[in-house]
Amino acid sequence: MKFFPHYVISGFSNMYLLAGDDSHEAALVDPGYFDGELLKLVESHGLTVSAVLITHAHDSHTAGIKTLLRIYEAKIYAFRDKVLDFPTNPVRDGDVVRVGNLRFDVLETPGHSRDSLSFHVGNLLFTGDTLTAGLTGTAAHDQAHHLILSSIRKSILTLPDDTVIFPGHGPPTRVCLERADNIMLNELCPRAHSSSAFL
Amino acid sequence: MTVHTSCAAGGCGRIAVWNSTYCAAHIPDMASYLADLKTRLAGGTSFEAVHLAGIALDGLDLSGKEFLCSDWNGASFTGCVFTATKFNLVFFDRGRLTRCQFDGAKVKWSVLAETEITDCGFTNTDVFRCNLNAARLVNTPFRNATLYSTRFIGARMKDVEFVNCNLLRSHFEMADLSGARFSNSNTEEAFFDRERIEE
Chain A
1 MKFFPHYVIS GFSNMYLLAG DDSHEAALVD PGYFDGELLK LVESHGLTVS
51 AVLITHAHDS HTAGIKTLLR IYEAKIYAFR DKVLDFPTNP VRDGDVVRVG
101 NLRFDVLETP GHSRDSLSFH VGNLLFTGDT LTAGLTGTAA HDQAHHLILS
151 SIRKSILTLP DDTVIFPGHG PPTRVCLERA DNIMLNELCP RAHSSSAFL
Chain B
200 MTVHTSCAAG GCGRIAVWNS TYCAAHIPDM ASYLADLKTR LAGGTSFEAV
250 HLAGIALDGL DLSGKEFLCS DWNGASFTGC VFTATKFNLV FFDRGRLTRC
300 QFDGAKVKWS VLAETEITDC GFTNTDVFRC NLNAARLVNT PFRNATLYST
350 RFIGARMKDV EFVNCNLLRS HFEMADLSGA RFSNSNTEEA FFDRERIEE
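As you go down the protein sequences, you meet chains A and B in turn.
Per the numbering used here, the very first residue in the first sequence carries number 1; after that it's consecutive.
Per the numbering used here, the very first residue in the second sequence carries number 200; after that it's consecutive.
This is how it looks when you write it as structure tokens:
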């Protein structure tokens, strides 16, 4: 598998470009911004972005779609049926997205937002803002906080220990490390506050 | 990312180390393996998928070399020199670094969570988007280092100093900082309190 993480200062967010070893078709996870550097990354590896996977429809994860779709004819996969007014292929828990010879399993992981998804391919997991290294995503209210903890326990911590997590913000981590060390998975830990996360 | 090969020993689920069909625990002749490994590392400059999980190495000079997409989980390095070495997507979690120098090294998208880092030095080092959550750092100075977007959540520090470091968007929530000293570093742009989490 070809795999390239990409960071943009706008939104301080991570994007991930993936393609199968013998494929030119690439998937782009969370295009929060589409800049020249990302275009160069795609083109220099002879890739074409044919799928966009959206972990949730917040600006820092979607704002690059408009530019991207001017360059590539890519299908958008998201929980919502529209992102930035672009129609998507809505996906739900248990669905599979195939991009070239890559298979992405879709996991619904609501809590940070109602539309939060995670995508699992091989031993890699893309969690958006649901789970980042050492932290959970922000939640707008206590119910959403409980929902995010439930999502993580049900869909993420049940994956094999060595599953590598690539979040929407911050560095990578592994399932076993989050199970052992994530300070916010403790019920007694107060939630990180946000007035706008649960959109 | 790379495909892991399972250890050839019956019933073992661990991954095979670089240039072997066995994991570190099942290599038939560790002394020969280490001798061969040192020769191979000395002879190259850029390495991808160098899996060294559980391997113990000492006295190596890996200055100026480049490591990409490698699994060093549980590995141990003693008295090694990583001056100006580049690390990208190296998973060195639950390992041990003792008396190693990282002066001028560039470490990005890498995981050193739960790693014991003792008597090491990070001068003029870029540690970008790395995960040092729950790491234990002892007698290890960071001087003129960029720790942009790196996380030390829940880390324990004894005789650790951050001198003239860039701490922009670095995280220290729940870390034991009683043995840490910060000087001439932009602590106001780091996160120390989980109530301030923005992402």
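Heads up, the beta-carbon is just placed ideally off N, CA and C, and yes, glycines get one too.
- Shown in chain order are the members of the segment 11-45 of chain A whose Cβ falls below 7 Å from a Cβ of chain B: Phe12.
- Look at the segment 116-176 of chain A and you find these whole runs of alpha helix (DSSP H), each 4 residues long or longer: 142-151.
- Pairing Phe286 of chain B with Leu256 of chain B gives a Cβ-Cβ distance that is not under 8 Å.
- The CB of Ile54 of chain A never comes closer than 7 Å to any CB in chain B; the least such distance is about 17 Å.
- Beyond the five residues adjoining it in sequence on each side, Val359 of chain B comes within less than 8 Å, by CB distance, of Leu336, Val337, Asn338, Thr339, Pro340, Phe341, Gly378, Ala379 and Arg380 in the same chain, given in chain order.
- In this structure, Val91 of chain A and Val106 of chain A form a Cβ contact; the two beta carbons are roughly 5 Å apart against a cut-off of 8 Å.
- What Thr158 of chain A touches in chain B, judged by beta-carbon distance under 9 Å, is nothing: the nearest beta carbon there is about 17 Å away.
- For His61 of chain A, the enclosing alpha helix (DSSP H) stretches over residues Asp59 to Thr62.
- Within the segment 296-313 of chain B, those residues whose Cβ lies closer than 8 Å to any Cβ of chain A are, in chain order, Trp308, Ser309, Val310, Ala312 and Glu313.
- Arg153 of chain A sits away from Asp115 of chain A, with the two beta carbons spaced by 8 Å or more.
- Taking a C-beta distance under 8 Å as the contact criterion, Ile156 of chain A and Thr132 of chain A do not qualify as a contact pair.
- For Thr163 of chain A, the closest C-alpha among the options A:Phe86, A:Asp93, A:Asn101 and A:Gly122 is that of A:Gly122.
- Secondary structure of Met229 of chain B (DSSP, three-state): helix.
- Listed as beta-bridge partners of His6 of chain A by DSSP are A:Met15.
- Per DSSP, the beta bridge partners of Lys285 of chain B are B:Glu265 and B:Lys305.
- Distance from Thr244 of chain B to Ser262 of chain B at the Cβ level is roughly 10 Å; contact not present, criterion being Cβ atoms closer than 8 Å.
- The Cβ atoms of Thr317 of chain B and Gly303 of chain B lie no closer than 8 Å to each other.
- Beta-bridge annotation (DSSP): Met356 of chain B is paired with B:Leu336.
- The straight-line gap separating the alpha-carbon atoms of Pro172 of chain A and Ala230 of chain B is approximately 33 Å.
- Within chain B, the residues whose beta carbon sits less than 8 Å from that of Ile183 of chain A are Ile352, Gly353, Glu372, Met373 and Arg393, listed in sequence order.
- Counted as a single uninterrupted DSSP element, the stretch harbouring Arg98 of chain A is not any alpha helix (DSSP H) but the beta strand (DSSP E) occupying residues Val96 to Val99.
- By the rule that beta-carbons nearer than 8 Å mark a contact, Ala133 of chain A touches chain B.
- Contact between the segment 297-314 of chain B and the segment 138-148 of chain A is absent: fewer than 3 CB-CB pairs across the two stretches fall below 8 Å.
- Chain-order list of chain B residues neighbouring Gly100 of chain A: empty, with the shortest C-beta distance near 15 Å, by a criterion of under 8 Å.
- Cβ atoms of Ser23 of chain A and His58 of chain A stay farther apart than 8 Å, at about 29 Å.
- Look at Asn332 of chain B: its C-beta is under 8 Å from a C-beta on chain A.
- Residues of chain A whose Cβ lies closer than 8 Å to the Cβ of Thr349 of chain B are, in chain order, Pro171.
- Taking Glu108 of chain A as reference, the option from A:Glu73, A:His169 and A:His56 with the minimal CA-CA separation is A:His56.
- Taking 8 Å as the CB threshold, Asp292 of chain B lines the interface with chain A.
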